[in-house]
Structure formats: structure tokens, C-alpha cells
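Chemist: One structure, as C-alpha cells, below. Some questions next.
Numbering (our numbering), first residue to last: 984 to 1347.
So, in C-alpha cells, the structure goes:
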């Protein structure tokens, strides 16, 4: 019997592309607030006539910020509707055409048919398909390409002092009520993902609101996509707020892995990144709940970091406030000490912190 996970071998997340209203300013923010360095640029000066794109890197994380040059571009309509957000979660694959044909044969809707793009560095094959909302997955086959990023990009280097971010740990998507299982089945059928973990409204709830989540994992286990939907509650959940302000499903947050969360969070805060705040009472029983850890409990409490433990170890995590004026996209900073979970023991405290921010915005 054939292993389903072998049907579409995804090597890793190649990059995440954000469609934004002003890529030059977004690039500046992520360099100076999050410590990314610019390494490539594409735009009118490089022969790309309809957009400007800046490629940034930290560790194995690559973000691309793209903005349309003209107001009548369909990308401008997308940004007006959704605000700044993630458009493309791109996968590195061995064969883009084979990946595309396999995905579409299993029900994926095509966005870009396979095409080869070339410049002095060689050629790259690219194709893409739809996922939830107007988000897409591209398949990127590098074919030994030697350019700085992708064809059309030229080297454009501005170094920044990094904050210790290493890789994308997971990417979380929000979908409408009743649609989570649809998209879970889609990732199983189309991409060969498997269900890694499930959380229901008993796991993730407060007095006022709740959500449900299923974590999907790629065949090699390197790519994890939790998919959230709202659950019935007394008031509007964070998922409903997101869906209202993003005008549909999309990427809610990106979890970025660090090897030293105390350093990373301290540096991010120094640079002005704002984080959710949990009450001091969270730390009263923390030692009893998670046991002995390597990090200083005093420093963890000072920085407001959350800790959770499972049978394999523990993790430390902290969530930013939304990085847009719309309450949509935010980031999670996470360090793993063996634990492969998602902080189930922190869900209640996290959700209550989010609800306090929703109430301040008048959206609870």
C-alpha cells in the first residue's frame, strides 16, 4: 500500500509572500523591528513592471513583501479588501510541474499553471494552487538556480542585527464556522498531510468565546499548519474578529522558532514590538504546573513569557499584538525544549489576553 505522504513530497517552506500597501515601509519595519536582513529586490528597475518586491531573511525564514505599482492592479483590490497579509505560503519541491499536476488531480484549484522563469542565474519552475480564502500555495523547483532568490530579483543587501529567529515553526489559518473539517480533508487529500493534533472548544475556551483547531502535518513532518474555526460562545471570538476584519479566511499568525526566547523577546521589545500581556497571577502556580526548566522563572515572568509542558519536554511562547491596524495578522515567538505541542496549558490565559485586547477595540 502506497504511503499517502509520498504523493506530494514537500521539502520545506520556501518563503512566505505578503501583499502589502507599501512594501518599502513594510520592509523597513521588519528589518528594524524583527531583525530581518534584506538580500534581494525585484521591481521596475529590474524589469518587473507591475510590482515591487523585497526579499528578507533571518535564519531559514524568508519573507517577501510585495506591493503593486498601479492602483488598477488586481493586487491593489486584494489589499483594499483584506489589508496587509500573507498571500502565498510557497513550498520548495523537486518538480513543480509534477507537484501541480498531482495536486490538481486530487482537487486543488489552479492559480498559476507550471511555468519556467529564467535570468542570468538559471531557471526556476513555478506553479501555484488555491487554499483557504484567497491564500495560495506555490510550488518552487530551483533546478540549481544560482541567483540571489528567484528570477527577476537582483542582489540588494541591507544587513540588520538579527534577534535569533531560526525557522518557521508553524503557520495558522483561520476559516469560517463549519469549514475546518473541509480544509482538513483538503490538506489530507491534496497534499498528503496528516492530522497531528486536535483541540476542541473544551480545550480552547473562556467564559465568552471559543475556537476549535486541527493541526495538519506534512509527510516529512517539517511543515505544520493548524487550521482554526470559531465555536459558539456568548461573544465574538478572536477567529470571528479576524474573519470580519480580513474579510474572509486567511493566515492568522506565523510562529517563529528561536533558540533563546529570553534574548529574542527582550530584543523585540527593545525595538518596539508589542506583545500580549497575561496577568501576574499566571505565574503564581507556573513552577508547580511545569516543573523544573532551564530558564529563570523570574526572567520569564518579567518578560511575560508563557510556558507549557508535555510528556516530551516543555516549550516557551509569547504572542505579539496584531502587527497591522486591522486586528488580523500577528506573530508567535516559540522555543521548544523537546515539546512538540502548541501550548495547550496556555490556551485559556492566551485567549483571555486576546479578549482583553478585543474589548479595548470594541470587538468582543
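Glycine residues also receive a C-beta, built at the ideal position from the N, C-alpha and C atoms.
Just the C-alpha distance for residue 1000 and residue 1176, rounded to the nearest angstrom, thanks.
Modeler: Each residue's alpha carbon lies about 22 angstroms from the other.
Chemist: If we require 4 or more residues per run, which alpha helix (DSSP H) segments fall completely within the region 1295-1345?
Modeler: DSSP runs (the alpha helix (DSSP H)) wholly in the region 1295-1345: 1330-1344.
Chemist: Can you check whether the CB of residue 1229 is closer than 8 angstroms to the CB of residue 1105?
Modeler: Result no, Cβ atoms of residue 1105 and residue 1229 do not sit closer than 8 angstroms.
Chemist: If residue 1232 and residue 1346 are in contact, beta carbons under 8 angstroms, what's the gap, nearest whole angstrom?
Modeler: At roughly 18 angstroms, the Cβ-Cβ gap does not stay under 8 angstroms, so residue 1232 and residue 1346 are not in contact.
Chemist: Beta-carbon within less than 7 angstroms of residue 986's beta-carbon, same chain only, minus the 5 sequence neighbours each way: which residues are those?
Modeler: In this predicted model, residue 986 has a pLDDT of only 46, less than 50, meaning its place in the structure is not dependable; the value taken from the coordinates is given anyway. Hits under 7 angstroms: none found.
Chemist: Which of the three DSSP states is assigned to residue 1135 in this structure?
Modeler: If DSSP states are grouped into helix, strand and coil, residue 1135 belongs with coil.
Chemist: Report the three-state DSSP secondary structure of residue 1160 (helix, strand or coil).
Modeler: Three-state DSSP puts residue 1160 in coil, outside helix and strand.
Chemist: Let me check understanding here. Comparing Cα to Cα, which of 1260, 1291 and 1286 lies closest to residue 1275?
Modeler: Minimum Cα distance to residue 1275 is reached at 1291.
Chemist: In chain order, what are the residue ranges of uninterrupted beta strand (DSSP E) at least 3 long that sit wholly in the region 1272-1296?
Modeler: List check, beta strand (DSSP E) in window: 1289-1293.
Chemist: For residue 1343, count the other beta carbons within 10 Å of its own beta carbon; 16 or more makes it buried, fewer makes it exposed. Which is it?
Modeler: Per the 10 Å Cβ criterion, exposed.
Chemist: Determine the burial state of residue 1129: buried for a count of at least 16 other Cβ atoms within 10 Å of its Cβ, exposed for fewer.
Modeler: That one is exposed.
Chemist: Taking contact to mean at least 3 C-beta pairs separated by less than 8 angstroms, is the region 1041-1051 in contact with the region 1095-1103?
Modeler: Output reads no: the region 1095-1103 does not touch the region 1041-1051.
Chemist: Using three-state DSSP, classify residue 1041 as helix, strand or coil.
Modeler: Strand, per DSSP.
Chemist: Which residue or residues does DSSP assign as beta-bridge partners of residue 1034?
Modeler: In the DSSP output, where bridge partners are listed per residue, residue 1034 has 1051.
Chemist: Measure the CB-CB distance between residue 1111 and residue 991 and report whether it falls below 8 angstroms.
Modeler: No, the pair does not count as a contact, with Cβ atoms beyond the cut-off.
Chemist: Taking all protein chains shown into account, do 16 or more other C-beta atoms lie within 10 angstroms of the C-beta of residue 996, making it buried, or fewer, making it exposed?
Modeler: Buried.
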